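**Q** Structure incoming, see below.
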């Protein structure tokens, strides 16, 4: 896969559309580096909670995000999220962090700091990055841009199963309302809203398995680099 090393793939879409798993497996299939941007925003949300900072205090959060260090390590094929030297892979997946990550990610100082970090990751190519503004803001020059969509019911079902697998019980309809509210927040924020890039390929994953999603994206990537 020599040629694939330098290709960049941007995967965007709303909450629960299958971005993380698909991006992770696509990166593995093409021997590229996977960058979980959602985890970076979750890490900042966790930091806000850990530090006891008021989520409304933009000034304090702005100072906090300037000093935060977020990195990734792969151990036994598992991507670990490191926040200021601490493994927070599991800690950033709690419902409390999930609910705070969207409003925190909408804050201009947070987006500015993390987008800069993400751009550095993407500058040299060879990455698969997923989020909500990767194809439009972070990597507008990516060779492959995918915009994943799925029905609200399917996205809620996926998130519900994910939480259950972690021993977290959540009412299905409550979760559906939260995802819908998040869609509205992510799409209507003024800073880097969830938006499909004009040259992105839309992929409806409602009736696709993860394997089928990955297969389609890998196939598109191979076409682009004439493998």
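In this note's numbering, the protein residues as written are 33 to 259.
Built from N, CA and C at the ideal position, the CB exists for glycine as well.
Because the structure is a prediction, the values reported are computed rather than measured.
How should residue 34 be labelled, buried or exposed, when 16 other C-beta atoms within 10 angstroms of its C-beta is the threshold for buried?
**A** For the purposes of this step, residue 34 is taken as the residue at position 2 of the chain shown. Confidence at residue 34 is low in this model, with a pLDDT of 43, below 50, so its placement is unreliable and the value that follows should be read with caution. Residue 34 comes out exposed.
**Q** State the Cα-Cα distance for the pair residue 116 and residue 42, rounded to the nearest angstrom.
**A** Residue numbering aside, residue 116 sits at position 84 when the chain shown is read from its first letter. Residue numbering aside, residue 42 sits at position 10 when the chain shown is read from its first letter. Rounded to the nearest angstrom, the two C-alpha atoms are 26 Å apart.
**Q** Per DSSP, what kind of secondary structure is residue 284 in: helix, strand or coil?
**A** This structure leaves residue 284 out entirely; the chain is present only between 33 and 259.
**Q** Out of curiosity, what's the CA-to-CA distance linking residue 134 and residue 232?
**A** By one-based count along the chain shown, residue 134 stands at place 102. By one-based count along the chain shown, residue 232 stands at place 200. C-alpha separation (whole angstroms): 23 Å.
**Q** So the alpha helix (DSSP H) residue 184 belongs to, where does it begin and stop?
**A** Along the chain shown, read from residue 1 onward, the residue named residue 184 stands at position 152. From DSSP, the alpha helix (DSSP H) with residue 184 extends over 184-197.
**Q** Where does the unbroken beta strand (DSSP E) through residue 229 begin, and where does it stop?
**A** Position 197 of the chain shown, counted from the first residue, corresponds to residue 229. Taken as a continuous stretch (DSSP letters only), residue 229 belongs to no beta strand (DSSP E), as it is neither H nor E.
**Q** Report yes if the CB atom of residue 177 is closer than 9 Å to the CB atom of residue 44, and no otherwise.
**A** The residue labelled residue 177 in the question sits at position 145 within the chain shown. The residue labelled residue 44 in the question sits at position 12 within the chain shown. Result yes, Cβ atoms of residue 177 and residue 44 sit closer than 9 Å.
**Q** Helix, strand or coil for residue 202 per DSSP?
**A** Mapped onto the chain shown, residue 202 falls at position 170. Residue 202 falls in the coil class under three-state DSSP.
**Q** Pull up the CB-CB distance for residue 70 and residue 191, whole angstroms please, since I reckon it's below 8 Å.
**A** Translated into the one-based positions of the chain shown, residue 70 becomes position 38. Translated into the one-based positions of the chain shown, residue 191 becomes position 159. Wrong, their Cβ atoms sit about 13 Å apart, outside the cutoff.
**Q** Ignore the nearest five residues each way along the sequence and tell me which others in residue 260's own chain have a CB closer than 7 Å to its CB.
**A** The first residue shown for the chain is 33 and the last is 259, placing residue 260 beyond what the model contains.
**Q** Is it true that the CB of residue 124 sits closer than 9 Å to the CB of residue 136?
**A** Taking the first residue of the chain shown as position 1, residue 136 is located at position 104. Taking the first residue of the chain shown as position 1, residue 124 is located at position 92. Taking 9 Å as the Cβ cut-off, residue 136 and residue 124 do not qualify as a contacting pair.
**Q** Following the continuous beta strand (DSSP E) through residue 159, name the residue where it begins and the one where it ends.
**A** As a first step, residue 159 is located in the chain shown; it is residue number 127 there, counting from the start. Residue 159 -> beta strand (DSSP E) spans 159-163.
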